[in-house]
Amino acid sequence: GPRVGVLALQGDFREHLAVLRGLGADAVPVRRAEELEDIDGLVIPGGESSVMDKLSRAFGVAEPLKAAIAAGLPVYGTCAGLIMLADAIVDGIAGQESLGGLDVAVRRNAFGSQVDSFETDLNIPQLGDEPVHAVFIRAPIVESVGEQATVLARVPDGRVVAVEQGDLLGTSFHPEITGDTRFHAYFLDKVRARVAARTAESVDAAV
Ligand code: GLN
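Shown next as structure tokens:
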């Protein structure tokens, strides 16, 4: 299968590695810049985005990762990972930065202190007729969606909780803990398509 990294600085990266391996991907933890060089796609897990931001900069992964995203690396971010992928964070802690890539603004911990965590079913036509059971844990919302990004899912009150933009994918919730592998499979389709396109390009260049 394709070689897919999971950013393993902090958060629930083990769960993502397990889901990706279950789907046949060659999934590897990524902690250092060099490890970005031989992956076909990357998952950024849930956790705490402000900590992930600090660690990614301290470990020298943030800048190479931004460059890789700009060069077209497929990336899927869940929860804190979505915050990392957002071009803007409405309420980051002082000095918090994101990697960017998704043309959206997110608000952290957006579902209020009373309901830090909740579950709901989402209709996502791109993933089939069966609703996706979504688990939200101190989850962000996508507060505004720019022209480049597309909404994939909303909670029943209309707030946006899943977006995509080319080979970038972000969800406020955590498919890696529900046993529903459709989001990861959807992401792996993007990764495989990218690998195929790259292979075709290098064949073209060689003939
Ligand atoms: N509240 C966390 C943050 O702001 C995200 C929580 C999660 O990833 N489950 O990064």
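Under UniProt numbering, the letters of the sequence shown match residues 13 to 219, in that order.
In this text, a Cβ means the ideal position worked out from N, Cα and C, and glycines have one as well.
Cβ-based burial, residue i [other Cβ within 10 Å; buried from 16]
| i | result |
| --- | --- |
| Arg119 | buried |
| Ala30 | exposed |
| Ala39 | buried |
| Phe195 | buried |
| Asp24 | buried |
| Pro168 | exposed |
| Gly113 | buried |
| Phe184 | The identity of residue 184 in the sequence shown is Ser, whereas the question assumes Phe. Looking at its Cβ environment, which holds 16 or more other Cβ atoms inside 10 Å, Ser184 is buried. |
| Val55 | buried |
| Pro86 | buried |
| Ile219 | A quick correction: the sequence has Val, not Ile, at residue 219. Exposed. |
| Glu49 | exposed |
| Glu176 | buried |
In DSSP terms, what residue i is bridged to
| i | result |
| --- | --- |
| Phe148 | Phe130 |
| Thr89 | First, the residue type needs correcting, since residue 89 is Gly and not Thr in the sequence shown. According to DSSP, which records beta bridges pairwise, Gly89 is partnered with Ile56, Gly182. |
| Val73 | Partner(s): none; Val73 has no beta bridge. |
| Arg210 | Looking at the DSSP assignment, Arg210 forms no beta bridge with any residue, so it has no partner. |
Local conformation of residue i per DSSP, three classes
| i | result |
| --- | --- |
| Ser68 | helix |
| Leu97 | helix |
| Gln160 | coil |
| Arg43 | coil |
| Val175 | strand |
| Arg194 | helix |
| Ile153 | strand |
| Gly34 | helix |
| Val167 | coil |
| Asp115 | strand |
| Leu21 | coil |
| Arg120 | coil |
| Val102 | coil |
Proximity to residue i [Cα-Cα], best of the options
| i | options | result |
| --- | --- | --- |
| Val207 | Leu21, Asp52, Leu48 | Asp52 |
| Gly13 | Gly191, Gln22, Gly36 | Gly36 |
| residue 11 | Glu142, Val144, Gly93, Thr211 | Given that the chain is displayed from residue 13 to residue 219, the structure contains no residue 11 and the question cannot be resolved. |
| Val154 | Ala82, Ile189, Ile101, His145 | Ile101 |
**Message:** Using a Cβ distance threshold of 8 Å, determine whether the stretch 108-116 contacts the stretch 126-139, with at least three qualifying pairs required.
**Reply:** no
**Asked** Taking one C-beta from the stretch 61-75 and one from the stretch 197-205 each time, how about it: are there three or more such pairs within less than 8 Å?
**Response** no
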